[in-house]
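Per our numbering, residue 2 is the first one in the sequence shown, and the count goes up by one each step.
Beta carbons are placed, not taken as given, at the ideal position from N, Cα and C, and that holds for glycine.
Below is one structure, written out as structure tokens; the observations come after it.
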Amino acid sequence: MAPAFRFRADIDSLPAYVPGQRPPAGHSTYKLSSNENPFPPSAAVLAAVADAAADLNRYPDMYATELVAAIAAHLGTEPDRVAVGNGSVAVLETVLKAACRPGDEVVHAWRSFEAYPIAIQVAGATGVRVPVREDGSHDLVAMADAITDRTRVVLVCSPNNPTGTVVHDDEMWAFLARVPRGVLVVMDEAYVEFVRDDDAADGLALAAEFKNVLVLRTFSKAYGLAGLRVGYAVARPRLIRGLRSASTPFGVNALAQAAALTVLREAKDVAVRCERIIAERTRVLAALRETGWTVPEAQGNFYWLEVGRHAVSFAREAAASGAVVRAFDGEGVRVSVGEIEGNDSVLRLAAQWQRMRVS
């Protein structure tokens with residue numbers, strides 16, 4: 002009897018992507034585990050989605066032409082420099098599959114976004130992990146040192162998920178000066194709207210200057226459309242043409258396109274909500290440091306507590322006290338900045354832990 006069909010052998014060894022835990026049904030719990038925007042969509046966004054739903058029997062615009070033009074206008078660039086996809090993760094997956102052959106290498110910091118190793122392996126490439134520095138930031142010198150003649154792509158996550166740190170402009174320019182022109186540098190800026198570090202690298206400016214830089218952004222975080230999945234890439238037209246050719250047809254559904262178009266028109270309201278989240282982030286970080294915690298300089302809508310082997314215990318206690326956070330077993334806990342009550346719940350727990358540490 003012929004053996005049963007199986008997927009590639011390495012698929013069984015893929016690391017599992019662990020989503021942020023959801024609060025149990027019927028419990029009053031704050032979800033601070035997925036870096037979601039705590040503000041619900043506006044009435045205009047909901048109305049646009051409802052209107053688009055009337056045509057669900059029709060395929061959406063395959064290339065999201067109107068949305069691409071709106072994104073380009075919002076960024077001050079040209080539509081031929083923008084490609085959209087089903088969330089920035091899907092865009093990254095397409096980039097890697099289009100760029101890499103078996104045996105190629107992808108250099109990235111670690112710890113960083115946990116989807117990277119999965120996407121790299123599915124693309125048939127080999128991931129090369131470069132440890133982050135003690136403060137949770139990218140070690141771009143070490144990352145440049147890790148580039149070999151097998152390297153096809155380098156991933157730079159800024160702000161870095163889960164540590165929250167950004168790469169700075171001067172170090173990014175120095176890094177790009179060392180990267181061969183035949184290596185693609187992907188700057189993942191999923192949380193860029195929350196950055197207030199004046200020295201942070203500007204991915205769009207770098208993509209305009211360097212032919213081998215591609216920027217990823219998303220509508221999931223600052224724009225609050227995580228449930229609809231819309232992300233996009235910005236790069237030179239040649240790269241965008243290749244990305245569109247390799248993308249899944251009709252990858253962004255009609256409801257998502259309508260919502261993203263509408264929320265782009267609400268840029269002032271989005272900015273106000275971001276400022277409220279940033280103000281709350283500032284308050285929370287100050288409170289943590291006052292109780293003795295050493296916390297990386299968070300520039301996203303989340304922060305990192307390095308509790309090592311106690312990560313799962315901390316998350317369990319946080320859930321019991323009313324806030325669900327994201328544990329990275331053996332390393333630390335990532336906490337989204339959400340509703341004030343949920344943030345305060347974590348702050349109380351963190352203060353208790355700090356008192357136990359020093360007693």
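Tell me whether the beta-carbon of residue i lies closer than 8 Å to the beta-carbon of residue j.
{"i": "Ala-351", "j": "Thr-295", "result": "no"}
{"i": "Gln-258", "j": "Asp-81", "result": "no"}
{"i": "Leu-205", "j": "Leu-93", "result": "no"}
{"i": "Ala-116", "j": "Val-96", "result": "no"}
{"i": "Ala-319", "j": "Val-347", "result": "yes"}
{"i": "Arg-112", "j": "Glu-332", "result": "yes"}
{"i": "Ala-1", "j": "Cys-101", "result": "The chain is shown from 2 up to 360; residue 1 falls before or after that span and cannot be answered."}
{"i": "Glu-37", "j": "Ala-227", "result": "yes"}
{"i": "Val-325", "j": "Ser-43", "result": "no"}
{"i": "Gly-343", "j": "Gly-232", "result": "no"}
{"i": "Phe-303", "j": "Val-264", "result": "no"}
{"i": "Val-155", "j": "Val-108", "result": "yes"}
{"i": "Ala-241", "j": "Ala-84", "result": "According to the sequence displayed, residue 241 carries Ile and not Ala. Yes; because the gap between Cβ atoms is below 8 Å, this pair is in contact."}
{"i": "Leu-185", "j": "Arg-153", "result": "yes"}
Apply the 10 Å Cβ neighbour rule to residue i and answer buried if 16 or more other Cβ atoms are within range, or exposed otherwise.
{"i": "Ser-314", "result": "exposed"}
{"i": "Asp-189", "result": "buried"}
{"i": "Leu-262", "result": "buried"}
{"i": "Val-308", "result": "buried"}
{"i": "Phe-114", "result": "buried"}
{"i": "Thr-219", "result": "buried"}
{"i": "Val-131", "result": "buried"}
{"i": "Lys-269", "result": "exposed"}
{"i": "Val-69", "result": "buried"}
{"i": "Trp-305", "result": "buried"}
{"i": "Gln-300", "result": "buried"}
{"i": "Leu-289", "result": "buried"}
{"i": "Arg-151", "result": "exposed"}
{"i": "Arg-310", "result": "exposed"}
{"i": "Thr-249", "result": "exposed"}
{"i": "Gly-225", "result": "buried"}
{"i": "Thr-30", "result": "buried"}
For the ligand FAD, I want to know if residue i counts as a neighbour, meaning its beta carbon is within less than 7 Å of at least one of the ligand's heavy atoms.
{"i": "Arg-59", "result": "Among the components of this structure there are no ligands whatsoever, and the ligand FAD is therefore not found."}
Specify the secondary structure class of residue i as computed by DSSP and reduced to three states.
{"i": "Leu-141", "result": "helix"}
{"i": "Asn-104", "result": "Going by the sequence as given, residue 104 is Gly instead of Asn. In this structure, Gly-104 counts as coil in the three-state DSSP scheme."}
{"i": "Arg-239", "result": "helix"}
{"i": "Val-154", "result": "strand"}
{"i": "Leu-229", "result": "coil"}
{"i": "Arg-218", "result": "strand"}
{"i": "Arg-179", "result": "helix"}
{"i": "Ile-148", "result": "coil"}
{"i": "Asn-161", "result": "coil"}
Name the one or two DSSP bridge partners that residue i has.
{"i": "Trp-294", "result": "DSSP output for Trp-294 lists no bridge partner at all."}
{"i": "His-109", "result": "Arg-130 and Leu-156"}
{"i": "Tyr-1", "result": "The displayed coordinates of the chain run from 2 to 360. Any statement about residue 1 would go beyond what the structure contains."}
{"i": "Phe-329", "result": "Gly-333"}
{"i": "Gly-86", "result": "Gly-232"}
{"i": "Ala-201", "result": "His-169"}
{"i": "Tyr-31", "result": "Ala-324"}
{"i": "Val-186", "result": "Val-155 and Val-214"}
Roughly how many whole angstroms lie between the Cα atoms of residue i and residue j?
{"i": "Arg-245", "j": "Pro-163", "result": "29 Å"}
{"i": "Arg-266", "j": "Arg-230", "result": "18 Å"}
{"i": "Asp-11", "j": "Gln-122", "result": "8 Å"}
{"i": "Pro-1", "j": "Thr-166", "result": "Because the chain spans 2 through 360 in this model, residue 1 falls outside it and cannot be assessed."}
{"i": "Ala-124", "j": "Ser-14", "result": "14 Å"}
{"i": "Val-180", "j": "Met-357", "result": "46 Å"}
{"i": "Asp-56", "j": "Ala-255", "result": "8 Å"}
{"i": "Cys-275", "j": "Glu-340", "result": "13 Å"}
{"i": "Ala-272", "j": "Ile-72", "result": "16 Å"}
{"i": "Val-216", "j": "Gly-323", "result": "36 Å"}
{"i": "Val-214", "j": "Ala-178", "result": "12 Å"}
{"i": "Gly-252", "j": "Gly-86", "result": "6 Å"}
{"i": "Gly-104", "j": "Glu-135", "result": "30 Å"}
{"i": "Thr-149", "j": "Glu-281", "result": "43 Å"}
{"i": "Lys-222", "j": "Lys-212", "result": "27 Å"}
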